[in-house]
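Below is one structure, written out as structure tokens; comments come after it.
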Amino acid sequence: MPLPSIGLPALWDIPVAAGVPALLGQSVSTGVQASASTILATALDEYTITSAASQWGIFTASNQPVLTSGHVRAVGIQSMYQTSDAPQENGSFLSYNKSRIPGHYEVEMVCDGSSFEYGSASIFSDLLSSMGLSSSPSSAAQTKALFTAALGQLSASLDLYAVVTPEATYSNVNILGYSLEREAHRGVSMLYARVYLQEIRMTAKAGATTAQEASGQSMVTGGNVQTQSLTADQVNALAQGGIF
């Protein structure tokens, strides 16, 4: 069976780079410039990834990443207001107020076992010791196991964190829970974690100053208040001037 003839290209596509012999019309200096451009582009990509790690993710109050921010895949921000409604006659209703409800946030992260960073030392030091590790995990399996265990610990924690994006920082948020996904078309070894967070309102605490004398101390109600009958003077004052 004769083999089919394959035509040769009129012009060979030879890359212009350092180490490749220059053809007619090419120069070594052009190849060096092309290689330098490729190296510069690679360095720029690495810098962009490193810079993004400090601009996306969940961080502590000391600006330390709670989980690896280099694997942040998506961030969802939800800010809503709620109106107060009251029923009326004939099936009608009345809206009389509008107030802001706590913000809800979702951070989708991908763990492939390549790297792991943490900033909440109290949680992760306990996890490392429980797994028999004295430092950061060295294998992909250990990294994924620690990543999954950390999500469970963070969900039960009362600590407050911040969701950081390049445009805004959402402070005073607590991790409520998470969900894990593994899909065949995205790679069964890839862990996709969706972290759910909610805004926590910080209110001022009421405090009482201590008086120098006991008689000057302000009265503090510590229980149920019992009703008392009006005195004669109070009854006369109400009868003369009324309540208002």
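Numbering (full-length UniProt numbering), first residue to last: 1 to 244. Where is the CB? At the ideal position from N, CA and C, for every residue including glycine. Everything numeric in this text was worked out from a predicted model, so none of it was measured.
Contact test: residue i Cβ vs the ligand SAM heavy atom, cutoff 8 Å
i, result
"N174", "Ligands in the displayed structure: none, and consequently the ligand SAM is not present."
Reduced DSSP category for residue i - H, G, I as helix; E, B as strand; rest coil
i, result
"T143", "helix"
"G91", "helix"
"A232", "helix"
"residue 247", "Residue 247 falls outside the range modelled here, since the chain spans only 1 to 244, and no answer is possible."
"Q82", "strand"
Sequence-distant residues of the same chain with beta carbon closer than 6 Å to residue i, five excluded per side
i, result
"G103", "S79, E199"
"E181", "Y192"
For residue i, the first and last residue of its enclosing beta strand (DSSP E)
i, result
"H185", "Careful: H185 lies outside any beta strand (DSSP E) and carries neither H nor E."
"I77", "72 to 78"
"L191", "191 to 199"
"M109", "104 to 111"
For residue j and residue i, believed in contact at Cβ under 8 Å, the rounded distance
i, j, result
"G187", "A141", "G187 to A141, Cβ: 15 Å. No contact."
"L160", "A193", "Their Cβ separation, rounded to whole angstroms, is 20 Å, which puts L160 and A193 out of contact at 8 Å."
"S95", "T83", "5 Å"
"A162", "V173", "7 Å"
Neighbourhood of residue i by C-beta, 7 Å cutoff - its chain only, sequence neighbours within 5 removed
i, result
"I6", "none"
"T231", "none"
Closest by C-alpha distance to residue i, when choosing among the options
i, options, result
"L197", "V220, E89, V164", "V164"
"I175", "M219, Q153, S189", "Q153"
"N63", "P87, V235, T169, V110", "T169"
"S189", "P65, V110, M202, P87", "V110"
"T210", "M202, V220, R201, T203", "V220"
"A61", "E108, S139, S171, Q88", "S171"
Contacts around residue i, its chain only, beta-carbon distance under 8 Å, and the 5 residues preceding and following it disregarded
i, result
"W56", "S69, V72, V75, V164, T165, P166"
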